[in-house]
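2 protein chains.
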Amino acid sequence: MKNKKTDEKSKTTKERIFDVALDLFSEKGFNAVSVRKIAQEVGIRESSIYNHYKNKEAILDAIIDYFMLELHGGEISEEKGTQVIEPDLEDPEIYLQQGTRMYLEQITTPKMEKIWRLVSIETFHNEKIREFFKKELLETPLKIWEDTFQMMIDQKMIKPLNPKILAQEYFSFPIYLFFEYYILRYDEDFDSFMDLALDKMTDHNEFFLKAIKNEKK
Amino acid sequence: MKNKKTDEKSKTTKERIFDVALDLFSEKGFNAVSVRKIAQEVGIRESSIYNHYKNKEAILDAIIDYFMLELHGGEISEEKGTQVIEPDLEDPEIYLQQGTRMYLEQITTPKMEKIWRLVSIETFHNEKIREFFKKELLETPLKIWEDTFQMMIDQKMIKPLNPKILAQEYFSFPIYLFFEYYILRYDEDFDSFMDLALDKMTDHNEFFLKAIKNEKK
DNA sequence: GTCTATACTTCGATAGAC
DNA sequence: GTCTATCGAAGTATAGAC
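Listed in order, the protein sequences are those of chains X and C. Under my numbering, the first residue of the first sequence carries the number 1, and numbering increases by one thereafter. Under my numbering, the first residue of the second sequence carries the number 1001, and numbering increases by one thereafter.
Following this line, the structure appears as C-alpha cells:
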C-alpha cells in the first residue's frame, strides 16, 4: 500500500530535492535561495544536486511543470463543471456561484498553496516596490473612487448602492487592464497598449454606467 | 535660464547616478544591476558611488521617494479633478470619463513610464513565473468565462451582450481579489483571506447578475 | 570627490576520488 | 550517487592616497 509520493522514507533524492526547493522557494523566492541551502536542507552536498538536476533553474522548471500538470490534470475545469449543472436551469446565478467556487477551490487547495505563495513572493519580492504598488495603484485610487461614488449618490446621480462595493467593482477593471497590458505583456509596444486600454475602458464604462445609473422616468 | 534638472552639463554626480540607476533598474530590475555597472555607466569608480549614496538600496529609496512625490505633487488627484466639473451635471458618465482619463494620464506620462517599468520588471522579473501567471490566472480563466457567457446568451439566460466583454467585466474582480489578498497582503493569514474573498465575491456576483440578467416580464 | 586597491562574501558549477 | 576540494565570477563595501 506504499506510495512513492507519500512515503517519506522511500522518497528518492530527486524528490527530496524537489520538495525542499519548493519549500524554500515559496518561503524566500527563487533568487534568495542558494543551491547550497537546498543541499544543506536535503542533507547532501551541493555537488550532488547536479546529479539530479542540470542546474538551479531546472529545479524551478520541474516545479512549474508539476503544478501546470496539477492544475489541468485535476480536471476542475469550467467545461466539466457546467456539465454537472442541469441544462434547463434558467437562473445564471448558479453558474457564477459554481464558477466562483471552482476558481477559489483551485487556487486554495493545500496542494496549490505553495505554488501560489511562490508566485506571490517572486512577484512582489521587493518590499519597497510592493508597498509602492499597493499604495499608489490600489489603496489610493480605491479611496478616491469610493469618495466619488459617495458624492454621486448624495447628488442622486446614481443608485444608492454601497460606495465601497462600487469602487471595487469599478476599479478592479483598470487593475486588470494594468496587469494584462502593462505587466504581463510589457514586451509589447506602448502605443498599441494605450489604444486597446482606452477601448476596453470605454466598454467598461458603458457596462458599468448601465448598471448604476438612475433611471430617468 | 538654466535648470539643474534639465541641463545635462550641470547635473551633479548624484543626479547622474540617480538617472543612470533608474534607467538600469527599469531595464533589468534592481537585483540584476550591480553597483559596478552603475558606476561604469556614470563614468566613475564604484567606490565613488558611496560618496553620494549610503548603499545600493539607498538609490532605490531615492527613486521611489521621487516618484511618490511626483505622483502626489502632480496634483492630478480625483478630488481636484472633479471640482472642475460643473456641479449641477446630472450625468455620471462625465465622472467616469474624467477619472479614466486622469488615471491613464497618471500612469502613462513619459515621466512616469520608467517607474512603472521598474515596478513591472521587479514584479514579473522571472520569465517562467510570469508565463505561468499569465496563462493560469489570466488567459485560461478568461477563455472559460467567455465560453460560459456565450452559452448563457445562447440559452437566453442573460442579455445578449458581448461575451468577451462580459468575461473581462466579471473576471477582473477575482483578479483584483487575488492581488489584494493573496499577493499584496501575503503576510496576513490564509483563513481570513478566504472569508473576506468569499464575501466580496458574493457582493460582486450580486452586482454583476443584476447587470446582465434577463428581465422576467 | 574621485581614485587605486583590496577585503570579504556568496554564488553556481565542475573535477575527480571513493 | 555522494563526497572533498576548488574554481571563477560577481557582488557590496571600505581604507586611504591624491
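Glycine included, every Cβ here is placed at the ideal spot set by N, Cα and C. Nothing here was measured: the structure is a model prediction, and the numbers come from that model.
Put simply, of S1172/C, Q1040/C, I1094/C and M1068/C the residue whose alpha carbon is nearest the alpha carbon of K134/X is M1068/C.
In the structure shown, the three-state DSSP call for I1038/C is helix.
Identification of residues in the stretch 51–62 of chain X having a C-beta nearer than 8 Å to some C-beta of chain C yields L60 and D61, given in sequence order.
Sequence-distant Cβ neighbours of E1122/C in its own chain, meaning closer than 7 Å and more than five residues away, are G1029 and F1030. Assigned with DSSP and collapsed to three states, I44/X falls in coil, not helix or strand. Under the 8 Å Cβ criterion, the stretch 191–202 of chain X does not count as touching the stretch 1017–1037 of chain C, having fewer than three qualifying pairs.
Across the set D195/X, E180/X, I175/X and L161/X, the C-alpha of L161/X shows the shortest separation from the C-alpha of L209/X.
Annotation: Cβ neighbours of E1136/C in chain X (cutoff 8 Å, chain order): M68 and L71. Taking a beta-carbon distance threshold of 8 Å, S47/X does not count as an interface residue toward chain C. When secondary structure is reduced to three states using DSSP, K213/X falls in the strand class.
Taking 4 residues as the shortest admissible run, the stretch 95–166 of chain X contains the following complete alpha helix (DSSP H) segments, listed from N- to C-terminal end: 110–123, 127–133 and 140–154. Within chain X, the residues I165 have their CB atoms less than 7 Å from the CB of D1203/C, given in chain order. Within chain X, Y170, N205, F208 and L209 have C-beta atoms less than 8 Å from the C-beta of L1096/C, given in sequence order.
Non-local beta-carbon contacts of T1140/C in its own chain, meaning distances under 7 Å to residues more than five positions away in sequence, are absent.
T1013/C sits in a helix when the DSSP states are folded into three classes.
Interface annotation, I1129/C: in contact with chain X, CB-CB separation under 8 Å. Around the beta carbon of S1010/C, fewer than 16 other beta carbons lie within 10 angstroms, which makes this residue exposed.
Between N214/X and M157/X, the gap from beta carbon to beta carbon is short of 8 Å. Taking the C-beta atoms as reference points, E169/X is found no nearer than 8 Å to F1178/C. Spatial neighbours of K14/X in its own chain (CB-CB distance under 7 Å, excluding positions within 5 residues in sequence) are listed in chain order as H52.
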